[in-house]
Structures are given as C-alpha cells and as structure tokens.
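Right, one structure below, let's go through it.
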Amino acid sequence: MLLLSYGKAVMILPRKPRQFSKTGIYHIIVRGINQQDIFHEDSDFAKYLGAVKKLGAECGITVLGYCLMSNHAHLLLMENGYNISDYMKRLGSNYAQWYNRKYERRGPLFQDRFRSECVEDEAYLLAVIRYIHNNPVRAGIVSSPEKYRWSSGASYLKTGDNADGVDTRYILDILSTNRRVSLKQFREFSQEDIADRCLEHKNPRPSDSEAYRRLVDLLQGQPATVLQDMDKKTRQQLLRTMKHEHRVGLRQLV
Numbered sequence: 000m001l002l003l004s005y006g007k008a009v010m011i012l013p014r015k016p017r018q019f020s021k022t023g024i025y026h027i028i029v030r031g032i033n034q035q036d037i038f039h040e041d042s043d044f045a046k047y048l049g050a051v052k053k054l055g056a057e058c059g060i061t062v063l064g065y066c067l068m069s070n071h072a073h074l075l076l077m078e079n080g081y082n083i084s085d086y087m088k089r090l091g092s093n094y095a096q097w098y099n100r101k102y103e104r105r106g107p108l109f110q111d112r113f114r115s116e117c118v119e120d121e122a123y124l125l126a127v128i129r130y131i132h133n134n135p136v137r138a139g140i141v142s143s144p145e146k147y148r149w150s151s152g153a154s155y156l157k158t159g160d161n162a163d164g165v166d167t168r169y170i171l172d173i174l175s176t177n178r179r180v181s182l183k184q185f186r187e188f189s190q191e192d193i194a195d196r197c198l199e200h201k202n203p204r205p206s207d208s209e210a211y212r213r214l215v216d217l218l219q220g221q222p223a224t225v226l227q228d229m230d231k232k233t234r235q236q237l238l239r240t241m242k243h244e245h246r247v248g249l250r251q252l253v
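Going by numbering that gives the first Met the number 0, the first residue of the sequence shown is number 0, and it counts up by one from there.
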C-alpha cells in the first residue's frame with residue numbers, strides 16, 4: 000500500500016493486486032534496492048540458495064529452477080497450498096537479516112516488492128526455464144548454462160536428476176518420461192536461438208504520454224503538479240513505484 004501526502008491531504012493507494020496462477024507456478028525476480036548487489040561472495044549465494052530450498056521444503060513450495068546473479072535472482076516456484084507471497088516474505092526477511100549482520104548495515108536490502116508472472120502452460124514453462132538458465136550466458140559470464148555454479152542449469156543439462164532441493168523431473172517429463180530422451184530434447188531446446196521474452200522484457204517502457212497517464216491514475220485523478228507539494232520522502236516513494244511497477248523513468252516525469 001502506498002501512502003501519499005501533500006499539504007494536508009493524504010491518499011492511501013492500494014498496490015496492484017498480484018495475479019494468481021491456475022497452475023500454481025510463478026516466475027519470480029527479486030532485485031537489490033537501488034540495483035545494488037545482494038550477493039558479493041560464494042557464502043552469500045550459498046546462504047540465499049540454502050534458504051530458498053530449506054523454506055521450500057518447510058512450506059511445501061516446489062523449486063523448479065533458479066539463477067542467482069550478483070544483483071538479482073530468478074526463481075521458478077510452484078506453490079502447493081502455501082502462499083507464494085508469504086514464502087517470499089519469509090525468504091527475503093531471512094536473508095536480509097543475515098546479510099545486514101554480516102555486512103554491518105541497516106535498512107532494506109531488496110526492492111520493496113518482488114516481481115512475478117504466472118506460468119500457465121507447458122510451452123511457456125519451458126521458455127521460462129530456458130530464459131532463467133541463460134541469464135549468465137547473456138551476461139557473458141559463461142559460455143553455456145550448465146557451467147554457471149549458481150543456477151539449476153547443471154541439474155537439468157547434465158543428469159536430469161532431482162537433486163539438492165530442485166525438482167527437475169516436473170519439467171523434463173513434459174518432453175518425455177524417458178530420462179535419456181527428455182535430457183536429449185532439453186539440451187537441444189536449451190541450445191536453440193533464444194527469443195524468449197519473459198518477465199524482464201515483456202513490458203516495454205511506455206511512451207511519455209502513457210507515462211503521464213499512469214502517473215495521473217496513480218494520483219487518483221490529481222494533476223501531476225501535486226508532486227511539487229509532496230514532502231521529499233513521499234515523492235521519492237511515488238517515483239520508485241512508477242519506476243519499478245510501471246517502468247516509467249524519471250526523465251519521463253520531469
């Protein structure tokens with residue numbers, strides 16, 4: 000919920016409600032606040048990944064895939080009765096408290112709300128796992144997904160076995176229930192030219208006119224000039240919401 004105040008007027012704006020997946024499967028992205036790194040060394044990656052799997056086992060959340068990069072993480076999760084939002088809150092709080100103690104810092108570590116998309120058919124599920132595994136390849140860190148240590152790529156591309164808290168069989172069985180056949184087909188699929196447009200790239204930046212319309216909608220019909228009357232903290236909160244939830248850049252609003 001977003002609280003906006005200017006002058007003596009106060010508006011409480013509800014967040015855009017999260018969509019619910021019919022399959023219970025979600026592609027999730029978490030990012031460091033202000034795009035800062037959230038993983039600096041191996042122990043950081045290991046701590047977060049350990050929490051992903053441990054809490055998954057405790058909450059009945061199936062981990063279908065993951066990729067941890069220095070300033071963000073991709074998770075492919077399936078809920079089985081336990082709410083994904085509650086799981087992500089526990090995961091974020093668990094890691095942030097550990098991180099802040101380790102690096103002697105205070106304040107939030109993650110952007111205030113994780114991003115998620117529903118994965119509701121098998122074709123898109125395959126596209127999402129390929130997209131997730133190829134993050135470090137696109138970044139130029141490795142030449143192939145299975146070479147990156149902090150993703151589930153190796154589990155899928157080398158053995159195909161359920162191992163270390165990741166369910167690989169759920170996705171591989173879409174291709175074939177024969178392990179040898181499914182591995183071969185998944186490897187071929189992973190090497191195809193990638194044109195997947197998943198959560199990060201689905202919604203292009205809006206035009207200036209569309210950006211202004213979204214701002215006015217967020218202000219519940221008030222003109223954009225009310226930004227000048229807001230206190231600095233409230234204005235910055237609004238601008239962060241516009242940037243992270245509506246993909247509107249600051250330059251489009253000034």
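By construction, the Cβ of each residue, glycine as well, lies at the ideal position given by its N, Cα and C atoms. Since the structure is predicted, the reported quantities are computational estimates derived from the model, not experimental observations.
For residue i, tell me which candidate among the options has the shortest Cα-Cα distance.
| i | options | result |
| --- | --- | --- |
| S175 | L125, L54, R30, Y47 | L125 |
| E119 | T22, C58, T224, T240 | T22 |
| D43 | H73, Y98, C58 | Y98 |
| H73 | G164, V127, D228 | V127 |
| V29 | G164, N133, C66 | C66 |
| M68 | D41, E57, K88 | D41 |
| A45 | K146, R114, H132, S150 | S150 |
| N133 | R114, E191, G91 | E191 |
| F19 | D163, C117, R234 | C117 |
| M77 | R148, E103, L54, F109 | L54 |
| R114 | Y25, L226, K232 | Y25 |
Where does residue i sit, in a helix, a strand or coil, going by DSSP?
| i | result |
| --- | --- |
| H257 | Residue coverage of the chain in this structure runs from 0 to 253, which leaves residue 257 outside it and unanswerable. |
| M87 | helix |
| A138 | coil |
| G55 | helix |
| A8 | Reliability fails at A8, whose pLDDT of 48 lies under 50, so the model's placement of it is uncertain and no value is given. |
| S150 | strand |
| M0 | Any answer about M0 is weak, because its pLDDT of 48 lies below 50 and its placement is not dependable; what the coordinates show is given next. Note: M0 maps to coil in three-state DSSP. |
| L238 | helix |
Decide if residue i is buried, meaning its Cβ has at least 16 other Cβ atoms within 10 Å, or exposed.
| i | result |
| --- | --- |
| H200 | Any reading at H200 is ruled out, since the residue's pLDDT is 46, under 50, leaving its predicted position unreliable. |
| S181 | buried |
| P135 | buried |
| T158 | exposed |
| T240 | buried |
| G152 | buried |
| R100 | exposed |
| N161 | exposed |
| Q96 | exposed |
| P107 | exposed |
| R137 | exposed |
| P222 | exposed |
| N33 | exposed |
| Y130 | buried |
| Q235 | exposed |
| G261 | With the chain running from 0 to 253 in the structure shown, residue 261 is simply not present. |
| S142 | exposed |
| G59 | exposed |
Where does the unbroken alpha helix (DSSP H) through residue i begin, and where does it stop?
| i | result |
| --- | --- |
| R104 | Element bounds for R104: n/a, residue is neither H nor E. |
| K183 | 178 to 190 |
| Y169 | 168 to 174 |
Would you list the one or two residues that DSSP bridges to residue i?
| i | result |
| --- | --- |
| M77 | I24, T61 |
| E116 | H26 |
| L67 | A72 |
| V165 | A162 |
| G49 | Paired residues: none, contrary to the question. |
Does the Cβ of residue i lie closer than 6 Å to at least one heavy atom of the ligand PLP?
| i | result |
| --- | --- |
| L67 | Among the components modelled here there is no ligand, and therefore nothing to report on the ligand PLP. |
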